[in-house]
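What follows is a set of notes on a single structure, which appears directly below.
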Amino acid sequence: MSRRSPILGFSFMTATGLASLVIVSAVVLVIVDIVTEGMHTLTWQFLTDEPREGMTAGGVFPAIIGTFYRVILMSIVGVPVGTITAIYLTEYASQQSVFARMIRFAVNTLAGVPAIVFGLFGLGFFVQFVGQNMDQVLTGGADLRWGQPNLLWASLTMALLTLPVVIVAVEEAIRTVPRELREASLALGATKWQTIWKVVLPNSMTGVLTGGILAVSRGAGEVAPILFTGAAYFLPHLPGSLSDQFMELGYHVYIMATQSPDVEATRGIQYATTLVLLVFTFSLNLVAVLLRYRIRKRLRT
Amino acid sequence: MAMTEPQIRLRAENLNIHYGTKHAIKDVSLDIPSNQVTAFIGPSGCGKSTFLRALNRMNDLIETAQTTGKVLFDETNVYDPGVDVVELRKRIGMIFQKSNPFPKSIYENVAYGPRIQGEGDKRKLDEIVERSLQQAALWGEVKDDLDKSGLALSGGQQQRLCIARALAVEPEVILMDEPASALDPIATAKIEELIFELKERYTIAIVTHNMQQAARVSDRTAFFYLGELIEYDETKRMFTAPSKKQTEDYVTGRFG
């Protein structure tokens, strides 16, 4: 067949089109299924009530709050640490230096580590090492407060998991800040630090937010890292301190589907919980996207 | 006051700059007199911008650039290890080829320098902003729009905003790297007029690839070619009776 054959061109176009169709239909199917099945159970009461009757009835309010706390805490820790690392990598480290390469290698490796390994790390490092030592120091080991899975350790584990995406996003944004702006600042007698703080960072805010968005999207859907570090099967009350365990939407779906005494009876709850998780993640994303849009607009005009 | 030899503000002595293996500036020695405009001309890649950027150590930002020799500013070699580069750049300001206002308001652009030096008094800042914009011949055009973004201005206005921003930190020397090369003739004329006014208070060194511009604005002209300083003299003489054949060829447009 000739290399300029129109048939070849047409089949290639069809193949690419079909491949794209697969992903679109997958997304549509998932969303339609979850929305139609979940709508029946999703009521205002479902959102504001706690699980009842052995979790075969009631709502998911504690799980919503737990997820919310976890995402916020994770971002409060992960975004600044990631941003600072990105600043070091782009502004201070010499690109060829062994240390900078080590950091980059670590970041790339971190990005490829399976989530469950983060969970085990969190359990081994935060809960058993840091936490138990804190208990030793604070109360002489009389109280088991920090040496058990809790909100803080789960959030820190999640922050670690999401660090690579934050670092990469912020790094990219920092690199797009025009050299002319840095030079302008330095030529006015600004120190390097002042230039970073007043020129580079404000002009990278969209990247910092993108990093935040990506971290939240990645983090909010992960369950494995919190399995051993803080998520609870069932709690009648909301977490009141960092050392409390918490319920979580993703984990809740998992246990409802696998650990529930009557899986059939909780099907509606599972669907509705999944729907809440989806909406929750989407709205967090939406907020961040809007925020990013506003900042970008402010920078332009 | 009798016309005596003008005071020397900046003096380069046997300056050599390498980018990796490239010898960009070859043993250049040159005096820049106070309150005059000194122009650096030469074909692209001749090293004139590199030389200019060596004067306030902007080449420090390029990792591969290596400088040897001296640049004397007030008897001090700016390349001495003890020299505070930040302080140096405060005293030797710079205007770039591509106007580079910050994505901030006009006011904040001009106030940037004084602010980072710790000036927090709003009234003082207002004064500095107004004075600097006036000196840069921009005040009349923007005085009612100080909150507007600096990026909303026209190209020529942006460049004058950058000049105002540089003036706000009260430098002694202003280095200009082809400040009008991206501007239309009218905007260029305004910048040139401004340069003429500014030399009363400041010492100015300007890189230009526009020979007419060098002839119009400068008192002295240095001709660079392939990293070497070929000739340096009063502008009048450089353009009418240069002593080197290469200079003559270049200023008459026979090459470059």
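Protein chains in written order, with our numbering: chain H, 28 to 328; chain Y, -10 to 245. By construction, the Cβ of each residue, glycine as well, lies at the ideal position given by its N, Cα and C atoms.
| Query | Result |
| --- | --- |
| Residues of the segment 80 to 103 of chain Y with Cβ closer than 7 angstroms to any Cβ of chain H, in chain order | 82, 83, 85, 87, 89, 91, 92, 101 and 102 |
| CA-to-CA distance, residue 78 of chain H to residue 72 of chain H, given in whole angstroms | 11 angstroms |
| Integer-rounded CB distance, given that residue 272 of chain H should sit under 8 angstroms from residue 284 of chain H | Not quite, the Cβ-Cβ distance comes to about 20 angstroms (not below 8 angstroms), so this is no contact. |
| C-alpha gap between residue 67 of chain H and residue 177 of chain H, whole angstroms | 33 angstroms |
| Residues of its chain near residue 106 of chain H, where Cβ-Cβ distance is below 8 angstroms and the 5 sequence neighbours each way are ignored | 193, 235, 238, 239 and 242 |
| Cutoff 8 angstroms: residue -10 of chain Y Cβ touching any chain H Cβ | The predicted position of residue -10 of chain Y is uncertain, since its pLDDT is 43 and thus under 50; a value taken from the coordinates is nonetheless stated next. Output row for residue -10 of chain Y: interface = no. |
| Short-range partners of chain H found in the segment 104 to 116 of chain Y, where Cβ spacing is below 9 angstroms | 104, 105 and 106 |
| Option in Y/23, Y/229, Y/108 and Y/36 with minimal Cα separation from residue 163 of chain Y | Y/23 |
| Under 9 angstroms from the C-beta of residue 199 of chain Y: neighbouring residues of chain H | Correct list: empty, because the minimum Cβ distance to chain H is about 21 angstroms. |
| Rounded C-alpha distance that separates residue 39 of chain H from residue 213 of chain H | 53 angstroms |
| Reduced DSSP category for residue 55 of chain Y - H, G, I as helix; E, B as strand; rest coil | strand |
| Separation of residue 135 of chain H from residue 66 of chain Y, as counted between CA atoms | 45 angstroms |
| Buried or exposed (CB count within 10 angstroms, at least 16 for buried), residue 313 of chain H | exposed |
| For residue 101 of chain H and residue 182 of chain H, believed in contact at Cβ under 8 angstroms, the rounded distance | 5 angstroms |
| Simplified DSSP assignment, three categories, for residue 291 of chain H | coil |
| Beta carbon proximity, residue 155 of chain Y to chain H, threshold 8 angstroms | yes |
| Chain H contact residues for residue 45 of chain Y, given Cβ-Cβ distances below 9 angstroms | 214 |
| Touching by the beta-carbon criterion (3+ pairs, under 8 angstroms), the segment 300 to 309 of chain H and the segment 86 to 100 of chain H | yes |
| Those residues which DSSP pairs with residue 115 of chain H across a bridge | Its beta-bridge partners do not exist; DSSP assigns none. |
| Same chain only: Cβ atoms within 6 angstroms of residue 36 of chain Y, ignoring 5 sequence neighbours per side | 13, 14, 213 and 216 |
| Cβ shell of residue -10 of chain Y (< 8 angstroms), same chain only, five flanking positions each side left out | Confidence at residue -10 of chain Y is low in this model, with a pLDDT of 43, below 50, so its placement is unreliable and no value can be given for it. |
| Same chain, Cβ closer than 6 angstroms to residue 226 of chain H, five either side skipped, listed in chain order | 208 and 212 |
| Residue 0 of chain Y - partner residues in DSSP beta bridges | Y/20 and Y/61 |
| Secondary structure, alpha helix (DSSP H): runs of 4+ residues fully inside the segment 146 to 196 of chain Y | 174 to 187 |
| Sequence-distant residues of the same chain with beta carbon closer than 7 angstroms to residue 50 of chain H, five excluded per side | none |
| Range of the contiguous alpha helix (DSSP H) that encloses residue 128 of chain H | 125 to 139 |
| Chain-order list of residues whose beta-carbon lies under 6 angstroms from that of residue 179 of chain H (same chain, five-residue window excluded) | 269 |
| CB contact flag (residue 246 of chain Y, residue 158 of chain Y, <8 angstroms) | Nothing can be reported for residue 246 of chain Y, as the shown portion of chain Y is limited to -10 through 245. |
| Extent of the continuous alpha helix (DSSP H) run through residue 104 of chain Y | 95 to 105 |
| Counted within 10 angstroms of its Cβ, other Cβ atoms place residue 173 of chain H as buried (16 or more) or exposed | buried |
| Close-in-space but distant-in-sequence residues of the same chain around residue 235 of chain Y (CB under 7 angstroms, 5 per side omitted) | 214 and 219 |
| Residue-level contact to chain H via CB, residue 190 of chain Y, 8 angstroms cutoff | no |
| Whether residue 125 of chain Y touches residue 145 of chain Y by CB criterion (8 angstroms) | no |
| Chain H contact residues for residue 78 of chain Y, given Cβ-Cβ distances below 9 angstroms | 213, 214, 215, 216 and 217 |
| Between the CA atoms of residue 252 of chain H and residue 78 of chain Y - distance to the nearest angstrom | 50 angstroms |
| Residue burial classification, residue 129 of chain H (beta-carbon count within 10 angstroms, cutoff 16) | exposed |
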